[in-house]
Each structure stands twice: as C-alpha cells, then as structure tokens.
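S.K.: Numbering (UniProt numbering), first residue to last: 1 to 66.
Here a beta-carbon is modelled for each residue, glycine too, at the ideal position from N, C-alpha and C.
Submitted below is the structure of interest, expressed as structure tokens.
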Amino acid sequence: MSDLRKKPAAAPQAEAQTMVFDEAEVEYLAKRLRVSAAIIREIMRRIGSGERSAVEREFRKGMARR
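Structure representation (structure tokens):
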C-alpha cells in the first residue's frame, strides 16, 4: 500500500531544463522590486511562470504575509 502513496521521483535535470527564464526579465524585476535576482528566480520557479505581472503579484502576496 505504501507504493500507492509514493510519487514518482522527477529527474532534477528535467526540471532544470524546463524552467529557463529570460535573464533580462529577471534582472529588470529584481531591480524594480529591490530584491536579489535569486528571489525572483525562486518566485518564477514556484509559480511556474515567467510572466512579469504574475511574478509581481506573487511578490506582493509574500510581502503582505510579513
């Protein structure tokens, strides 16, 4: 029964290849929101989108939680 609950392990290389974001967009958002580029990349990875408005919305949600 424990086999039914386990999720198949995804290859980390496959994830890394699918999540490629435009570095210029990352730098722009990092400068605009005054955070590091790593934070912007993490938000993009978490929401699965590199769309500027989606990243800004998610960033604002995170700021509201603090």
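1) If you count every other CB in all the chains shown that lies within 10 Å of the CB of Gly50, and 16 or more means buried, which is it?
2) Could you compute how far the alpha carbon of Arg46 sits from the alpha carbon of Arg57?
3) To the nearest angstrom, report how far apart Ala37 and Met63 are at their CA atoms.
4) Residues in its own chain within less than 7 Å of Ala30 by CB, not counting five upstream and five downstream?
M.R.: According to the data block:
1) Counting from one through the sequence shown, the residue named residue 50 turns up at place 50. Buried, since its Cβ has 16 or more Cβ neighbours within 10 Å.
2) Here residue 46 refers to the residue found at position 46 of the sequence shown. Here residue 57 refers to the residue found at position 57 of the sequence shown. Straight-line Cα distance between these residues: approximately 13 Å.
3) Residue mapping note: residue 37 aligns to position 37 of the sequence shown, counting from 1. Residue mapping note: residue 63 aligns to position 63 of the sequence shown, counting from 1. Whole-angstrom Cα-Cα distance: 16 Å.
4) Within the sequence shown, residue 30 is the residue found at index 30, counting from 1. Excluding residues within five positions, the ones whose Cβ falls inside 7 Å are Ser36, Ala37 and Ile40.
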